[in-house]
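As they're listed, the protein sequences go chains Z and B.
Just so you know, the working numbering puts 86 at position 86 of the first sequence, and the rest follows in order with no gaps.
Basically the working numbering = 1-based index in the second sequence + 113.
What follows is one structure encoded as structure tokens, with my remarks underneath.
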Amino acid sequence: DTGVSQDPRHKITKRGQNVTFRCDPISEHNRLYWYRQTLGQGPEFLTYFQNEAQLEKSRLLSDRFSAERPKGSFSTLEIQRTEQGDSAMYLCASSFGLADTQYFGPGTRLTVL
Amino acid sequence: GESVGLHLPTLSVQEGDNSIINCAYSNSASDYFIWYKQESGKGPQFIIDIRSNMDKRQGQRVTVLLNKTVKHLSLQIAATQPGDSAVYFCAENRPAENQGGKLIFGQGTELSVKP
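Structure (structure tokens):
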């Protein structure tokens, strides 16, 4: 399967714990995006990378959130000191270029108890 | 403002009928639009896209229409099948505004196909 993959698919954690999600984009895609989706809503942009450079962060991304793409391939999204409001589906997408189609992964469903 | 919205939150159609899902956008500078299909528990799946220099684009059983005058976008699905049941999102991409190509999604329309 050469699509976008995400791991884990589901994560249940207690409030205050740290969690880390991984995204593997389609190979050769330069751009990688993170979105968050809550129930009944469309995905909301969090941040994106062009190769290893993080070029934009949404104001939704508080200082508890950090994302990396160290080698310009896979990316990680870490949430520190999780809160119940962080419960959501975290989606990753990749594209070849700026105005190219973004292809999404299956998402990581986070539940914070 | 920055919003992409949908006219109807739910749409129920009979199998075999055609479906039309509508979307309104507010930013006239938008130059690229995408329709995604999302099934329960899965990520959005690309269906079809259209750029602002076009007013119609066809795919397999799907057609997207763009009316820039009234800032309206629609997705037409021909001969709707049970497998088409899902939530459909339109999304707006404004790379021309140097926003990095991020997508702005509407709330979604849930399509239910009755056998």
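Each residue gets a CB set at the ideal place from its N, CA and C atoms; glycine is no exception.
Cβ of B:Leu-119 within 7 Å of any chain Z Cβ
One-based indexing of the second sequence puts residue 119 of chain B at position 6. Model confidence at B:Leu-119 stands at a pLDDT of 46, short of 50, so the residue's coordinates are unreliable; what they give is reported in the following sentence. It does not: the Cβ of B:Leu-119 has no partner Cβ on chain Z nearer than 7 Å.
Chain-ordered chain B contacts of Z:Thr-101 [CB-CB under 9 Å]:
On the first sequence, position 101 is the one that residue 101 of chain Z refers to. Going along chain B in sequence order, the residues near Z:Thr-101 (Cβ under 9 Å) are Ile-147, Phe-159, Asp-162.
Simplified DSSP assignment, three categories, for B:Asp-162:
Locating residue 162 of chain B in the second sequence gives position 49, counting from the first residue. The DSSP-derived three-state label of B:Asp-162 is strand.
Helix, strand or coil for Z:Asp-100, going by three-state DSSP, please let me know.
Counted from its first residue, the first sequence places residue 100 of chain Z at position 100. Correct three-state label for Z:Asp-100: coil.
Taking Z:Pro-25 as the query, report the chain B residues whose CB atoms sit under 7 Å from its CB, ordered along the chain.
Locating residue 25 of chain Z in the first sequence gives position 25, counting from the first residue. Listed along chain B is no residue with a C-beta nearer than 7 Å to that of Z:Pro-25; the closest approach is about 13 Å.
Other residues of its chain near B:Gly-114: CB distance less than 7 Å, five sequence neighbours each side excluded
Here residue 114 of chain B refers to the residue found at position 1 when the second sequence is read from its first residue. Summary for B:Gly-114: the model assigns pLDDT 37, below 50, so the residue's position carries little reliability; its value from the coordinates is reported in the next sentence. Around B:Gly-114: Ser-139.
Please report the Cβ distance between B:Ile-134 and B:Leu-188, rounded to the nearest whole angstrom; I am assuming they are in contact, meaning their Cβ atoms lie under 8 Å.
Here the question's residue 134 of chain B lines up with position 21 in the second sequence. Here the question's residue 188 of chain B lines up with position 75 in the second sequence. Confirmed, about 5 Å.
Counting contacts by CB-CB distance shorter than 7 Å, is B:Gly-114 in contact with chain Z?
Here residue 114 of chain B is taken as the residue at index 1 of the second sequence, counted from 1. Confidence in B:Gly-114 is poor, its pLDDT being 37 and thus under 50, which makes the residue's placement too unreliable to answer from.
Could you tell me the distance, in whole angstroms, from the CA atom of Z:Val-19 to the CA atom of Z:Gln-84?
For the purposes of this step, residue 19 of chain Z is identified with residue 19 of the first sequence, where counting begins at 1. For the purposes of this step, residue 84 of chain Z is identified with residue 84 of the first sequence, where counting begins at 1. Those two C-alpha atoms are separated by around 13 Å.
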